[in-house]
Amino acid sequence: MQPFPSPSFTPVVKIQTPHPDCRAPLYEPREFDQSWPAHFWIDTKTNTAGWRFTHYVSGGPPEYWYGFEQRIDCSSRLTGAQLISLSSQVSPMVDRVCAGAGETWDGRNLIATFTKEARRALREIEAILEEVDGDIEEVWDAGDWLSQSEDRVTPGVEDGAGLECMAIVVSDHVTITATTSNAELQEAFVTLQAEAWRERTLITGLSKYLQGLRDECVE
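Numbering (my numbering), first residue to last: 9 to 227.
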């Protein structure tokens, strides 16, 4: 009769991922045409992980400072599809990180500890993310991107009452007037984002910019 193997526990860590069609879930614009930093995080207390950008560079919650939340830098230009693929790739390593995580009292605080295997897994994740560039090639502000093609004074467009009104031709498929509805603005948003994405370009501030064009027509 063979002995039973010694019991062991390997956590299956849930990695939070965005929708695969999400173009830039980690890109959050900041000043000087830059984005806020992005990273992959692992919470060894809750056995969860995921991707996010952060509005602070050196700060963070206590879990981060005491080591229970591990962060690995990544490109902010990764797409949703890329993040899902990367999550599958690093999942075994994340399990190893959490399996080798512990805690100890350092005399002042409870801090996280990691086995050699867990630290090796963290380095492997870091090496993978260092090699991956985002699919987004360029990032443009909506005003800069669209001002190249706009015709801002185009009379002769009839509104619902049959009266002529000012219109702004944004592209071959999008025209904005004072009577453009919110639903039509959303449709224009989707159309313009899709046109830019064919060139691997992300447009920032587009929704607000389109609303501003409608307001200009009203004035």
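Built from N, CA and C at the ideal position, the CB exists for glycine as well.
CA-to-CA distance, residue j to residue i, given in whole angstroms
{"i": "Asp114", "j": "Tyr217", "result": "53 Å"}
{"i": "Leu91", "j": "Trp205", "result": "17 Å"}
{"i": "Ile136", "j": "Asp223", "result": "47 Å"}
{"i": "Asn190", "j": "Ile80", "result": "40 Å"}
{"i": "Ile119", "j": "His181", "result": "57 Å"}
{"i": "Glu36", "j": "Val147", "result": "11 Å"}
{"i": "Arg85", "j": "Ala32", "result": "6 Å"}
{"i": "Glu207", "j": "Gln42", "result": "20 Å"}
{"i": "Leu221", "j": "Ile176", "result": "7 Å"}
{"i": "Ser95", "j": "Thr25", "result": "8 Å"}
{"i": "Ile144", "j": "Glu111", "result": "39 Å"}
Rounded distance between the beta-carbons of residue j and residue i, thought under 8 Å
{"i": "Pro45", "j": "Thr56", "result": "About 20 Å separates the two Cβ atoms, so there is no contact after all."}
{"i": "Asp103", "j": "Val21", "result": "6 Å"}
{"i": "Ala129", "j": "Ala109", "result": "The pair is not a contact, with the Cβ atoms about 10 Å apart (cut-off 8 Å)."}
{"i": "Ile23", "j": "Cys106", "result": "Contact flag wrong, Cβ pair sits at about 11 Å."}
{"i": "Ile184", "j": "Leu200", "result": "Not quite, the Cβ-Cβ distance comes to about 11 Å (not below 8 Å), so this is no contact."}
beta-carbon residue i near the ligand SAH non-hydrogen atom, thresh 7 Å
{"i": "Glu138", "result": "Looking at this structure, you won't find the ligand SAH or any other ligand, since it has none at all."}
Residue-level contact to chain C via CB, residue i, 8 Å cutoff
{"i": "Asp81", "result": "No chain C appears in the structure shown, which is made up of a single protein chain."}
Close Cβ partners of residue i (< 6 Å) along its chain, the five nearest in sequence each way excluded
{"i": "Met174", "result": "Cys225"}
{"i": "Lys53", "result": "Phe76"}
{"i": "Thr123", "result": "Gly108"}
{"i": "Leu193", "result": "Leu218"}
{"i": "Phe48", "result": "Trp59, Ile80 and Cys82"}
Residues of its chain near residue i, where Cβ-Cβ distance is below 7 Å and the 5 sequence neighbours each way are ignored
{"i": "Asp29", "result": "Gly88"}
{"i": "Val98", "result": "Ile133 and Ile136"}
{"i": "Asp149", "result": "Thr212 and Gly213"}
{"i": "Met101", "result": "Ala129, Glu132 and Ile133"}
Close beta carbons around residue i, own chain, < 8 Å, minus the five adjacent residues each side
{"i": "Phe197", "result": "Leu214, Ser215 and Leu218"}
{"i": "Arg38", "result": "Trp44"}
Bridge partner(s) assigned by DSSP for residue i
{"i": "Gln42", "result": "Arg38"}
{"i": "Ala109", "result": "Phe122"}
{"i": "Asp149", "result": "Thr212"}
- Message: At 3 residues or longer, what runs of the beta strand (DSSP E) sit wholly inside the segment 64-91?
- Response: 77-82
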